[in-house]
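Written out below as structure tokens is the structure these notes cover.
Number of protein chains: 2
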Amino acid sequence: MSKERVTLSHVAQRAGVSAMTVSRALRSPDKVSPALLRRIEKIVAELGYVPNPAARALASGRTNVIGALIPSVTNNVFSDVLRGIYAATEDGPFEVQLGNTRYSPLTEEKLLAVFLSQKPAGLIVTGIDQSPASRRMLEGASCPIVQIMEIGSGPIDMMIGFSHYDGAAAATRHLIETGSRFPAFVGARMDPRTQRRFAGFRDVCSAAGCFSMSRCVTTPTPSTVTLGTRLFADLVARHPEVDGVFCNNDDLALGILFEAQRRCIAIPEKLTVCGFNDLEMMAAAEPSITSVRTPRFAIGRRAVEMIVARLADPGPDTGRGAAERVDTGFELVARQSTARRPR
Amino acid sequence: MSKERVTLSHVAQRAGVSAMTVSRALRSPDKVSPALLRRIEKIVAELGYVPNPAARALASGRTNVIGALIPSVTNNVFSDVLRGIYAATEDGPFEVQLGNTRYSPLTEEKLLAVFLSQKPAGLIVTGIDQSPASRRMLEGASCPIVQIMEIGSGPIDMMIGFSHYDGAAAATRHLIETGSRFPAFVGARMDPRTQRRFAGFRDVCSAAGCFSMSRCVTTPTPSTVTLGTRLFADLVARHPEVDGVFCNNDDLALGILFEAQRRCIAIPEKLTVCGFNDLEMMAAAEPSITSVRTPRFAIGRRAVEMIVARLADPGPDTGRGAAERVDTGFELVARQSTARRPR
DNA sequence: GCGATCGCTGTTAACGCTATCACATGGGAG
DNA sequence: CTCCCATGTGATAGCGTTAACAGCGATCGC
Numbered sequence: 001m002s003k004e005r006v007t008l009s010h011v012a013q014r015a016g017v018s019a020m021t022v023s024r025a026l027r028s029p030d031k032v033s034p035a036l037l038r039r040i041e042k043i044v045a046e047l048g049y050v051p052n053p054a055a056r057a058l059a060s061g062r063t064n065v066i067g068a069l070i071p072s073v074t075n076n077v078f079s080d081v082l083r084g085i086y087a088a089t090e091d092g093p094f095e096v097q098l099g100n101t102r103y104s105p106l107t108e109e110k111l112l113a114v115f116l117s118q119k120p121a122g123l124i125v126t127g128i129d130q131s132p133a134s135r136r137m138l139e140g141a142s143c144p145i146v147q148i149m150e151i152g153s154g155p156i157d158m159m160i161g162f163s164h165y166d167g168a169a170a171a172t173r174h175l176i177e178t179g180s181r182f183p184a185f186v187g188a189r190m191d192p193r194t195q196r197r198f199a200g201f202r203d204v205c206s207a208a209g210c211f212s213m214s215r216c217v218t219t220p221t222p223s224t225v226t227l228g229t230r231l232f233a234d235l236v237a238r239h240p241e242v243d244g245v246f247c248n249n250d251d252l253a254l255g256i257l258f259e260a261q262r263r264c265i266a267i268p269e270k271l272t273v274c275g276f277n278d279l280e281m282m283a284a285a286e287p288s289i290t291s292v293r294t295p296r297f298a299i300g301r302r303a304v305e306m307i308v309a310r311l312a313d314p315g316p317d318t319g320r321g322a323a324e325r326v327d328t329g330f331e332l333v334a335r336q337s338t339a340r341r342p343r
Numbered sequence: 001m002s003k004e005r006v007t008l009s010h011v012a013q014r015a016g017v018s019a020m021t022v023s024r025a026l027r028s029p030d031k032v033s034p035a036l037l038r039r040i041e042k043i044v045a046e047l048g049y050v051p052n053p054a055a056r057a058l059a060s061g062r063t064n065v066i067g068a069l070i071p072s073v074t075n076n077v078f079s080d081v082l083r084g085i086y087a088a089t090e091d092g093p094f095e096v097q098l099g100n101t102r103y104s105p106l107t108e109e110k111l112l113a114v115f116l117s118q119k120p121a122g123l124i125v126t127g128i129d130q131s132p133a134s135r136r137m138l139e140g141a142s143c144p145i146v147q148i149m150e151i152g153s154g155p156i157d158m159m160i161g162f163s164h165y166d167g168a169a170a171a172t173r174h175l176i177e178t179g180s181r182f183p184a185f186v187g188a189r190m191d192p193r194t195q196r197r198f199a200g201f202r203d204v205c206s207a208a209g210c211f212s213m214s215r216c217v218t219t220p221t222p223s224t225v226t227l228g229t230r231l232f233a234d235l236v237a238r239h240p241e242v243d244g245v246f247c248n249n250d251d252l253a254l255g256i257l258f259e260a261q262r263r264c265i266a267i268p269e270k271l272t273v274c275g276f277n278d279l280e281m282m283a284a285a286e287p288s289i290t291s292v293r294t295p296r297f298a299i300g301r302r303a304v305e306m307i308v309a310r311l312a313d314p315g316p317d318t319g320r321g322a323a324e325r326v327d328t329g330f331e332l333v334a335r336q337s338t339a340r341r342p343r
């Protein structure tokens, strides 16, 4: 058993053809006669030939790498998106290169430069708030690009997501409709999407005449269940009148549930609670927690599919096809934590 | 602004030196005169030169890719490990290539073949239960390899993790010591590590004379909070006498907490509960939940560090250095859910 | 003062693959 | 019976980088 790598020419030699033909047999099988194709495939299997992606990339100027820029790997939201991305790529020829921007535009710029220099097959970026420099790089790129998780105007190329503002607005309306007169906002890691959720909350409350900035507690630190308990403790200490909380995500909502139980504040009788994203555990909680369901897995999968489709058919325009912009919507899932009749 | 890629020779031309010198300036700065080095660095920055990794890989026969084979991206456990891996790589020259084995040995074999063909700088694989084929491939590989999450005998190369058997045994002992006479086991996704946890539970219970197979409910499906509620419902329906539960992970434990609340089964008075992994929310829950803390982030980070260290100093042996085998241990964190005096 | 040595830089030749064009064959249209 | 084109295959030339060695002053030891 030789330690040496099996290359195209080894296969070619064994098959009595040129390396180019073997390359074609693997890359575009329809351009090789069927009999020869079978013979080559057999030899490839025998020798255990695996193409060298570096050589391929160098020679062709393209790679089969789809780059994905995600702000966090820990956050449940993005692990679902990631799962969708992996699900969509695992049958195809593409592989995923993950970049963790850690919510930093600067990190994103750096990663973008690195990714783009590798001539990726496509790029997935999170959100619509790229820095000017990032945006310039992306606009100059020659591969399909999908902005995910959010929709807005002026897509760089393609876009799939939903309106965080509308999602939060719907949740807030629900809180008010189920009788909250002193609604509060609890938010962590105030990234742009979170801020738009806050805006949705604020505008709906203002319109209903029940907005109070001092009932909004936020922090730049990442959201956790424990953080939810703390922020809620702060909130009730300052505002015992609070009778409804919109959390900018489910971790916080769960923390509030626990802290309320600890303080014997009945949910939903004394306090209604609504989260965001609808993580699996929201339905299982006691009481179950109302949340805004977002199609995270689908967004990840669809983003890859959009890139693959574009690659297969670049569209009528030279270069980029017509920009696709998909609004996935969201769904307010009302549960026990807001099951209260309005007075 | 030219669309053309900036290559080494562009930089070289501008600097009035050969491409090789620029390559050296970037790769081993100490072999280039300081003045020239500065000049080259300036031009690199000006031109925005980014090395082509494909060309580098092809020419040098090595890559700076560390491959990581993980059974799940969704599972909180592995997202923490992943975070550790990313944390350790983000300052260095290495990048991570993630492979999702989805708990399938066959998928793992395929991914391994692909990864190894790319001559990675190092490889991280999960667990110690590689298939014979996988093991052969890994043993034949010429890069550092770390098996993570578990320790056992006969490491392929390096290894970092803890004993799942011992962790479960400690938890079970704790359940019995805090007064459980009819302890139960609830487990999902019975992968090898989970099974060893079960073995720990079983052996400790048997030794204490309180093991009953029919009080062990398991399922091959992935663990979720909702699944925890269901399995617990099944369990109490068949065994109302159960007064303590060891869950093979925290999702299930949380589900059990919720289901117990729904059924007004007081925790810890009527039922004690212990999870595994000590996810963040265990401490925040009401009542807080006892769990076995495992150093997931540290394992991920350390695994990368072990690879980097090996790469820097291959050790005395030809090829591979002395195998490193790190037992990180675990920590039983007792909380309210098991706060009961033994009778 | 002279060869030996060191430090820095250049030249050449790959690495494994694919783009491109050239070439050979065979069949169908005129 | 030509001519043309489609089809399948081969030869050649890179892609951008690094390994390996060659060269060439300058410094050093004796």
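Chains A and B are the protein sequences, given in the same order.
Quick note on UniProt numbering: the first sequence kicks off at 1 and runs consecutively.
Quick note on UniProt numbering: the second sequence kicks off at 1 and runs consecutively.
C-beta: ideal position from N, C-alpha, C; glycine also.
Exercise for review: Determine the extent of the beta strand (DSSP E) in which B/Ser-291 is found, giving its start and end residues.
Suggested key: 291-293
**Study point:** N-terminal and C-terminal residue of the beta strand (DSSP E) that B/Val-32 is part of
**Key:** First-last for B/Val-32: undefined, no H or E at that position.
Review point. Of all Cβ atoms in chain B, is any one closer than 8 Å to the Cβ of A/Ala-12?
Key: no
Practice item. Kindly list the residues whose CB is nearer than 7 Å to the CB of A/Gly-61, restricted to its own chain and excluding five residues on each side of it in sequence; keep chain order. Key: Lys-119
Exercise for review: Following the continuous alpha helix (DSSP H) through B/Asp-250, name the residue where it begins and the one where it ends.
Suggested key: 250-262
Practice item. For A/Ala-208, collect the residues of the same chain with a Cβ closer than 6 Å to its Cβ; drop the 5 residues on either side in sequence, then sort them by chain order. Key: Ile-176
**Study point:** Residue range of the beta strand (DSSP E) that includes A/Ile-156
**Key:** That residue, A/Ile-156, is in no beta strand (DSSP E); it is neither H nor E in DSSP.
Point to revise | Selection of the segment 267-288 of chain B by Cβ proximity to chain A, strictly under 7 Å | key: Glu-280, Met-281, Ala-283, Ala-284, Ala-285 and Glu-286
Practice item. Consider the Cβ of B/Phe-258: report whether some Cβ of chain A lies at a distance smaller than 8 Å. Key: yes
**Study point:** First through last residue of the beta strand (DSSP E) which encompasses residue 362 of chain B
**Key:** Nothing can be reported for residue 362 of chain B: it is not among the residues displayed for chain B, which extend from 1 to 343.
Review point. Where DSSP assigns a beta bridge to B/Gly-99, which residues make up the other side?
Key: B/Leu-69
Review point. Nearest chain B C-beta to A/Tyr-165 closer than 8 Å, yes or no?
Key: no
Review point. When you compare only the Cα positions, how much space is there between A/Arg-5 and A/Glu-46?
Key: 14 Å
Review point. Of the choices A/Gly-275, A/Leu-271 and A/Phe-330, whose alpha-carbon is the least far from that of A/Ala-298?
Key: A/Phe-330
Practice item. Specify the secondary structure class of B/Gln-147 as computed by DSSP and reduced to three states. Key: strand
Check your understanding: Does the beta-carbon of B/Ser-288 have 16 or more other beta-carbons within 10 angstroms, so that it is buried, or is it exposed?
Key -> buried
Check your understanding: Within 8 Å (strictly less), CB to CB, does A/Thr-221 reach chain B?
Key -> no
Practice item. On the DSSP bridge assignment, give the partners of B/Ile-124 in chain order. Key: B/Ala-68 and B/Val-146
Review point. Using a C-beta cutoff of 8 Å, does B/Pro-144 count as contacting chain A?
Key: no
Point to revise | Distance CB(B/Ala-184)-CB(B/Leu-235) smaller than 8 Å | key: yes
Review point. Is any beta-carbon of chain B found at less than 8 Å from that of A/Tyr-103?
Key: no
Check your understanding: Whose C-beta lies closer than 7 Å to the C-beta of B/Ser-180 among residues of the same chain, with five residues either side of it excluded?
Key -> Asp-243, Gly-244 and Thr-272
Check your understanding: Quick one: Cα of B/Pro-144 to Cα of B/Thr-63, how far?
Key -> 13 Å
**Study point:** Whole-number beta carbon distance between A/Phe-232 and A/Ala-171, since they are thought to touch under 8 Å
**Key:** So it is not a contact: roughly 17 Å between Cβ atoms.
Review point. What does B/Asn-100 touch in chain A if you count any residue whose Cβ is under 7 Å from its own?
Key: Tyr-86
Check your understanding: For the 8 Å Cβ check, are there 3 or more pairs between the segment 257-265 of chain B and the segment 123-137 of chain B?
Key -> no
**Study point:** C-alpha gap between B/Ser-72 and A/Thr-194, whole angstroms
**Key:** 27 Å
Check your understanding: How about B/Gly-255: is its C-beta nearer than 8 Å to some C-beta of chain A?
Key -> yes
**Study point:** Min CB distance B/Leu-235 to chain A below 8 Å
**Key:** no
Exercise for review: Using a threshold of 8 Å, state whether the C-beta atoms of A/Val-217 and A/Val-186 are closer than that.
Suggested key: yes
Review point. Are B/Ser-206 and B/Asp-250 closer than 8 Å when you measure CB to CB?
Key: no
Review point. Assuming B/Ala-285 contacts B/Leu-254 under a Cβ cut-off of 8 Å, what Cβ separation, rounded to an integer in Å, is found between them?
Key: 7 Å
**Study point:** Option nearest A/Arg-301 by Cα separation, candidates A/Ser-18, A/Val-11, A/Leu-138 and A/Gly-92
**Key:** A/Gly-92
**Study point:** Expected contact under 8 Å - CB spacing of B/Arg-293 and B/Asp-80 to nearest Å
**Key:** Actually they are not in contact, since the Cβ atoms of B/Arg-293 and B/Asp-80 sit about 11 Å apart, beyond 8 Å.
Point to revise | Alpha carbon of A/Asp-317 to alpha carbon of B/Val-77, nearest angstrom | key: With a pLDDT of 48 at A/Asp-317, under the threshold of 50, the modelled position of that residue is not reliable, and the figure given next carries that caveat. Going from the Cα of A/Asp-317 to the Cα of B/Val-77 covers about 46 Å.
**Study point:** Neighbouring residues, chain B, relative to A/Ser-33 (Cβ below 7 Å)
**Key:** Going along chain B, no residue has its Cβ under 7 Å from A/Ser-33, so there is no contact; the nearest lies around 28 Å.
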